[in-house]
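With the first letter of the sequence shown counted as 1, position 215 gets the number 234 in my numbering; the numbers rise by one all the way through.
Ideal Cβ positions, reconstructed from N, Cα and C, are used throughout, including at glycine.
So the structure is just underneath, and the comments pick up after that.
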Amino acid sequence: MLRIYRRRVQRIGGSTYIVSLPTSWAREVGLEPKTEVALEVLPDLSLRLFVPSKHVVTASREYNVNVVSNYRVHDIVKEIIGGYVAGANIIKIYFKDVKREVIVSAISIARDKLMGLEIIDEGTTLIVLEVVVDPNLSDLISIIKRMLRIAASMHEDVISYIEGVISKELLENVVSRDDLVDKLYLLALRQLTTILSDPYEMRRRGLSYVDSIYLSLFIKSLE
């Protein structure tokens, strides 16, 4: 949850501006007297303050889906995909006035669209999903390169079919690869979202918010 603190800026001397830091935040990151902090100027001229030497690992993210009586299968699928792209590791689906078959159907569709989505717990009114992604697909650039390779092979096969080199049966394989590209696209968005939520990862990868906009447009064009 986003937290916003308000502070009044004080001026000391002719050119020094001072602002106090929230005590709760300082304790969370382990800030001590004389600790060096970094100030990053963002494109909108706002400042991001962080402690380079104290990278706080984000806890496992949870995303709750509260299914109400008017929800249809596609509504639940959208919610699951939304939690996945948002970077959630655990997706909890709560339902009460909806048939279990509807929930199961939605989960089945979502699993066909998303990589690494597994059911880890079930109850009378709750189903818990966990996202377990192959370590080989944890790097955003690797995902994009794989999308490029698959997209290129799809175009080559279509051209080969037009030229009469391959049969219609082999051409149908393009559809399955298109589904794979769709999965990789959603996984790439998930990885990008995760990176943007962590300033340390952004700096390590040399990625800015402006870069991320172009990157998201690029992977969308591939998809």
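Within 8 angstroms, strictly: CB atoms of residue i and residue j
{"i": "L68", "j": "V56", "result": "yes"}
{"i": "V86", "j": "I112", "result": "yes"}
{"i": "V150", "j": "Y204", "result": "no"}
{"i": "L199", "j": "D176", "result": "no"}
{"i": "P62", "j": "Y228", "result": "yes"}
{"i": "Y90", "j": "V117", "result": "yes"}
Buried versus exposed, by CB contacts within 10 Å (16 or more), residue i
{"i": "G106", "result": "buried"}
{"i": "E98", "result": "buried"}
{"i": "Q29", "result": "exposed"}
{"i": "I163", "result": "buried"}
{"i": "I232", "result": "exposed"}
{"i": "I238", "result": "buried"}
{"i": "I214", "result": "buried"}
{"i": "L66", "result": "exposed"}
{"i": "I146", "result": "buried"}
{"i": "L133", "result": "buried"}
{"i": "V38", "result": "exposed"}
{"i": "I122", "result": "buried"}
{"i": "I100", "result": "buried"}
Cβ-Cβ separation, residue j to residue i (assumed contact under 8 angstroms), whole Å
{"i": "K115", "j": "T144", "result": "5 angstroms"}
{"i": "D201", "j": "E242", "result": "6 angstroms"}
Q) So, do the stretch 170-185 and the stretch 110-129 have three or more beta carbon pairs nearer to each other than 8 angstroms? A) Taking 8 angstroms as the limit for Cβ pairs, the verdict is that the stretch 110-129 does not touch the stretch 170-185.
Q.
Could you tell me which whole beta strand (DSSP E) segments of length 3 or greater appear in the stretch 155-189?
A. Listed in chain order, the beta strand (DSSP E) elements of length 3 or more contained wholly in the stretch 155-189 amount to none.
Q: Write down every uninterrupted run of the alpha helix (DSSP H) in the stretch 31-118 whose length is 4 residues or greater and which is fully enclosed by it, in chain order.
A: Taking only runs of at least 4 residues, the alpha helix (DSSP H) segments lying wholly in the stretch 31-118 are 42-47 and 92-104.
Q) Is it true that the stretch 154-165 meets the stretch 205-223, where meeting means three or more beta-carbon pairs spaced less than 8 angstroms apart? A) yes
Q: Could you name each continuous alpha helix (DSSP H) segment of 4 residues or more that falls completely within the stretch 191-215, going from the start of the chain to the end?
A: 192-215
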